[in-house]
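Peer 1: Residue numbers (our numbering): 1 to 389. Every residue, glycine too, gets a C-beta built ideally from N, C-alpha and C. Structure in structure tokens, see below.
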Amino acid sequence: MDRSVEGNNYPFVMRNAFIVLILLGLAACKHTDSFVSKVAGGDTFPVRYAKGFSIIRYPSYDHLQVYNPWQGARGVVLNYLLSRHPENINNPAYPVIKVPVTRVVCFSTTHIAMIDALGKSGSIVGVSGSHLVCNQTVQHNIRQGKAVDVGYPGNMNYELLMSIKPDVIFVYGVGNEAVPFVKKLSELGFVVVFNAEFLENTPLGKAEWILFMSMFYDACEQARQIFDTVAVEYFRLKQCVAGITQRPRVLYGLPWNGIWYMAGGQSYAARLIEDAGGDYLWKDLETHEALPLTIEAVIARAAGADVWINAGAAGSRKDILAVEKRLASLKVFQQGNIYNNNARVLPGGGNDYWESGVMKPQLILKDLIHIFHPEKDSASSFYYYRKLE
């Protein structure tokens, strides 16, 4: 889902009236002066790579804003206020939630990864689609009855959800279908928070959402340290291949039902390929979104591809031919230079690349550098990737 929002300069308006029901509250946390600047009576905490949220600190609370939090949203801003002492806030503009939270529900495995990075995975009391969860602590708690699977938006177990009494439910939105589901949760009295990390189009932009999640645990400084460590290593690896002129031409993805949804040239995938020293064959597509292409068009352009990555759910070259036999004509297929991001997949289908990978973009980048330029890191083993035989 490499679709993006359009930046932080949005009009502060609400498109849907029901959104007022899900505006929440935030907690104060200490930051060093080098990271903040004064804005309208509060201190804004700069977010360096993510485009989908902002943080403003006030003496007794913090104000978070999330911009266009689902695919297709335009001009939507959600407001969340958090405080350790909500009773001390006079006439708040939005409802305030007390932090740190201790019981949460996550509708995306990426939310689990961020909470786990903060050392708070024990606070997760509900998930959506437990068979897709890779986190061992959460899986253990599910087996022990300390966490439950609450179902999916179209088949939600609302009674179970009410019984576990979460402080916050973290959701994400894929299109406008998120609207009625969130409205239902809000009408039942749940505190609903949108996390739109999946709409970011850069690896560090996605990872920086740990700052957003940390606010609910009153753990901002910890989150900043975690993110800075990730960013430093990411840039170190990127610099290792920055001056390389011989870049392998890269094919990405696999067709689905006769259509190849190719990642745009400004997408998360394209950025990873570029940063790892690859030459993405569709870098000229000036969009963050995946575009539908015919298989014939892809085969024509990919005739000279040197490396093929992220080949859907394929576990072997035979699986690729089961999808489309004509792909056997590609040089990259014949040479066997095909690598997939499914080295860490559960029997139920959960793929840790899409879970912990959001907080470990440096490991994804390291894998890709090893694929594109093995001479740079020949001693390393893969973490998320494997070669298809």
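Count the other CB atoms, across all protein chains shown, that sit within 10 Å of the CB of T229; report buried if there are 16 or more and exposed otherwise.
Peer 2: exposed
Peer 1: Quick test of your reading: S267 and H288, contact by CB under 8 Å. State the CB separation rounded to the nearest angstrom.
Peer 2: 5 Å
Peer 1: Along the chain, where does the beta strand (DSSP E) containing D62 start, and where does it finish?
Peer 2: D62 to Y67
Peer 1: Please report the residue range of the alpha helix (DSSP H) in which I164 lies.
Peer 2: Y158 to I164
Peer 1: What did DSSP end up calling K387 once you bin it into helix, strand or coil?
Peer 2: strand
Peer 1: Buried or exposed: which applies to Q362, given that a residue is buried once 16 or more other Cβ atoms fall within 10 Å of its Cβ?
Peer 2: buried
Peer 1: Would you kindly work out how many angstroms separate the C-alpha atoms of Q71 and P374, rounded to a whole number?
Peer 2: Straight through space, the alpha carbons of P374 and Q71 are spaced by roughly 37 Å.
Peer 1: With distances taken between CB atoms, is the gap from Y217 to P100 smaller than 8 Å?
Peer 2: Yes, Cβ-Cβ distance for Y217 and P100 is below 8 Å.
Peer 1: On the DSSP letters alone, give me the boundaries of the beta strand (DSSP E) that M262 sits inside.
Peer 2: In the DSSP assignment, M262 falls within the beta strand (DSSP E) that extends over I259 to M262.
Peer 1: List in chain order: all unbroken alpha helix (DSSP H) runs of 4+ residues lying wholly within the stretch 189-243.
Peer 2: 203-207, 209-215 and 220-240
Peer 1: Between M456 and A147, which are expected to be in contact by the criterion C-beta below 8 Å, what is the C-beta distance as a whole number of angstroms?
Peer 2: The displayed coordinates of the chain run from 1 to 389. Any statement about residue 456 would go beyond what the structure contains.
Peer 1: With distances taken from CA atoms, which of E200, N155, K206 and A73 is nearest K184?
Peer 2: For the residues E200, N155, K206 and A73, the minimum Cα distance to K184 belongs to N155.
Peer 1: Using 8 Å for Cβ pairs, my map puts K387 next to Y353. What's the rounded Cβ distance?
Peer 2: Their Cβ separation, rounded to whole angstroms, is 15 Å, which puts K387 and Y353 out of contact at 8 Å.
Peer 1: Is it the case that the Cβ atoms of E281 and L251 are separated by a distance below 8 Å?
Peer 2: In the sequence as presented, Glu is not what sits at residue 281; that position holds Leu. The answer is yes: Cβ separation under 8 Å.
Peer 1: Where Y172 and F198 are concerned, what is the direct C-alpha to C-alpha distance, given to the nearest angstrom?
Peer 2: 8 Å
Peer 1: Going by CA-CA distance only, name the one from L237, G189, E296 and A231 that's closest to G258.
Peer 2: The candidate whose alpha carbon is nearest that of G258 is E296.
Peer 1: If you draw a straight line from the C-alpha of V138 to the C-alpha of S329, how long is it?
Peer 2: 44 Å
Peer 1: Just confirm the distance between the C-beta atoms of P248 and I364, as a whole number of angstroms; I'd bet it's less than 8 Å.
Peer 2: Contact flag wrong, Cβ pair sits at about 17 Å.
Peer 1: If the criterion is Cβ atoms closer than 8 Å, does the pair Y158 and L188 meet it?
Peer 2: yes
Peer 1: Starting from the C-beta of S60, find all residues in its chain whose C-beta is less than 8 Å away, skip the five residues before and the five after it, and write them out in chain order.
Peer 2: A28, S83, H85, N88 and I89
Peer 1: Take D284 and list the residues in its own chain whose beta-carbon comes closer than 8 Å to its own, dropping the five residues that flank it on each side.
Peer 2: G265
Peer 1: For H111, which option in G52, N135, V96 and Y80 has the closest C-alpha, if you only look at C-alpha atoms?
Peer 2: N135
Peer 1: For E286, tell me which candidate among A276, S163 and R271 has the shortest Cα-Cα distance.
Peer 2: R271
Peer 1: Could you check what DSSP says for V332 in three-state terms: helix, strand or coil?
Peer 2: helix
Peer 1: Between which residues of its own chain and S380 is the CB-CB distance below 7 Å, once the five residues before and five after are set aside?
Peer 2: K366 and H370
Peer 1: Identify the continuous beta strand (DSSP E) that holds F170 and give its terminal residues.
Peer 2: V168 to V171
Peer 1: Can you check which of these residues, T109, G349 and G75, is closest to S128 by C-alpha distance?
Peer 2: T109
Peer 1: Report the rounded CA-to-CA distance for A343 versus A93, giving the unit in angstroms.
Peer 2: 47 Å
Peer 1: Answer with buried or exposed for Y385, where buried requires no fewer than 16 other C-beta atoms within 10 angstroms of its C-beta.
Peer 2: Counting Cβ neighbours within 10 Å, Y385 comes out buried, since at least 16 surround it.
Peer 1: Between which two residues does the beta strand (DSSP E) harbouring T44 extend?
Peer 2: G42 to F45
Peer 1: What is the residue span of the alpha helix (DSSP H) that P361 lies within?
Peer 2: P361 to F372
Peer 1: On the DSSP letters alone, give me the boundaries of the alpha helix (DSSP H) that L321 sits inside.
Peer 2: Unbroken alpha helix (DSSP H) run through L321: R317 to V323.
Peer 1: Does the Cβ of E209 have 16 or more other Cβ atoms within 10 Å, making it buried, or fewer, making it exposed?
Peer 2: Position check: residue 209 holds Trp in this sequence, whereas Glu was assumed. Buried.
Peer 1: Whole-angstrom Cβ separation of G277 and I309, contact assumed at under 8 Å?
Peer 2: So it is not a contact: roughly 13 Å between Cβ atoms.
Peer 1: Roughly how many whole angstroms lie between the Cα atoms of F212 and L64?
Peer 2: A straight-line Cα-Cα distance of about 8 Å links F212 and L64.
Peer 1: Which runs of the alpha helix (DSSP H) fall wholly inside the stretch 95-147 and span at least 4 residues, in chain order?
Peer 2: 109-117 and 136-143
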